[in-house]
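What follows is a set of notes on a single structure, which appears directly below.
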Amino acid sequence: MPLADYPELQTLSSHEKQELIDELRATIRPKRSFIFGVDLDGVVMDFYGGLRPIAATWLGRPVESLSEEFTYGLKEWGLLDRAEGYDLSYEALHRHAINQHELFLSGAPISGAAFQLRRLSRLGVHIRIITHRLYVGGLHEVTVMQTAQWLEKHDIPYIDLCFVKDKTSINADLYIDDSPSNIKAFERANRPCIVFENSTNRHLDAKLRARNWAEVYDLVAQAMGGV
240 MPLADYPELQ
250 TLSSHEKQEL
260 IDELRATIRP
270 KRSFIFGVDL
280 DGVVMDFYGG
290 LRPIAATWLG
300 RPVESLSEEF
310 TYGLKEWGLL
320 DRAEGYDLSY
330 EALHRHAINQ
340 HELFLSGAPI
350 SGAAFQLRRL
360 SRLGVHIRII
370 THRLYVGGLH
380 EVTVMQTAQW
390 LEKHDIPYID
400 LCFVKDKTSI
410 NADLYIDDSP
420 SNIKAFERAN
430 RPCIVFENST
440 NRHLDAKLRA
450 RNWAEVYDLV
460 AQAMGGV
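Note that my numbering has the sequence shown beginning at 240, numbered continuously upward.
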């Protein structure tokens, strides 16, 4: 609106003008973005596919001997709980993969993930990445750096990057995860979560399940209609 059409505004002090501007801004209510909480490992990055050849070399075994059908913790690959044998624990392998092989930088994206996330971003989805990558002490700095560089390298859009153990503490309209423990936590908290299918979670009942990122896009687009 041209100020010349409202001569009374010209008589306002600078302070009064600012108060009026603030009042006008307060009346503007932009449509809230749909927030999609996205896990990284096993959902956007092919964590297990990248870890498998590293584990084979680390364990001194042919890569073909490491089953592609595994449960969480990878006991099928011969890994032990830390209490049973630290040198063969998942934590020790994880540390080796990040320090010696830069897994969080070298890992490949899961097929279609980057493309479909870009499509969702263009659709107006607020992409909030939620990952528990900081669970191994002493790797925090390198983990954060590798993660940010990997996301930029593969042109993966996001607004927020959250490193947190309890993912239910981070707000979103819809989540996606592959970890059985996280999936169950979302269910207990009554938070809708897409189960991104792999052998670690195939046994779980799920209202929302996706086998690929084309299915993820469709589920998110459908969910947006209810917000």
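Beta carbons are placed, not taken as given, at the ideal position from N, Cα and C, and that holds for glycine.
Roughly how far, in whole angstroms, is the beta-carbon of residue i from the beta-carbon of residue j, given that I think they are within contact range, below 8 Å?
i	j	result
residue 283	residue 348	6 Å
residue 455	residue 443	Actually they do not touch by this definition, with Cβ atoms about 17 Å apart.
residue 275	residue 363	About 11 Å separates the two Cβ atoms, so there is no contact after all.
residue 290	residue 342	6 Å
residue 346	residue 286	6 Å
residue 378	residue 337	5 Å
residue 436	residue 449	7 Å
residue 400	residue 387	7 Å
residue 303	residue 438	With a Cβ gap of about 17 Å, residue 303 and residue 438 do not count as contacting.
residue 344	residue 385	4 Å
If you drop the 5 nearest sequence neighbours on each side, which residues of the same chain put their C-beta closer than 6 Å to that of residue i?
i	result
residue 316	294, 305
residue 256	none
residue 365	272, 274, 398
Keeping to the same chain, check which residues put their C-beta closer than 7 Å to that of residue i; ignore five residues upstream and five downstream.
i	result
residue 453	351, 355
residue 460	362
residue 353	393, 394, 395
residue 430	407, 414
residue 360	366, 396
Which residue's Cα is closest to the Cα of residue i: the options?
i	options	result
residue 312	289, 273, 330, 256	330
residue 297	335, 425, 406	335
residue 301	292, 308, 252	292
residue 408	450, 424, 307	424
Give the straight-line distance between the Cα atoms of residue i and residue j, rounded to the nearest whole angstrom.
i	j	result
residue 288	residue 358	25 Å
residue 390	residue 396	8 Å
residue 440	residue 432	13 Å
residue 422	residue 318	23 Å
residue 253	residue 247	13 Å
residue 462	residue 451	17 Å
residue 381	residue 406	21 Å
residue 457	residue 398	21 Å
residue 259	residue 251	10 Å
residue 328	residue 403	22 Å
residue 445	residue 326	36 Å
residue 299	residue 447	39 Å
residue 464	residue 314	41 Å
residue 383	residue 340	15 Å
Looking at residue i and the ligand GDP, is the gap between the Cβ and the nearest heavy atom below 7 Å?
i	result
residue 444	With respect to small molecules bound, the structure shown includes none, and the ligand GDP cannot be examined in it.
Using C-beta distances below 8 Å, list every residue in its chain close to residue i, excluding the 5 sequence neighbours before and after it, in chain order.
i	result
residue 426	432
residue 420	311
Quiz item: On the three-pair Cβ rule with 8 Å, is the segment 366-376 touching the segment 405-417?
Solution: With a cut-off of 8 Å, the segment 405-417 and the segment 366-376 count as touching, because enough Cβ pairs lie within range.
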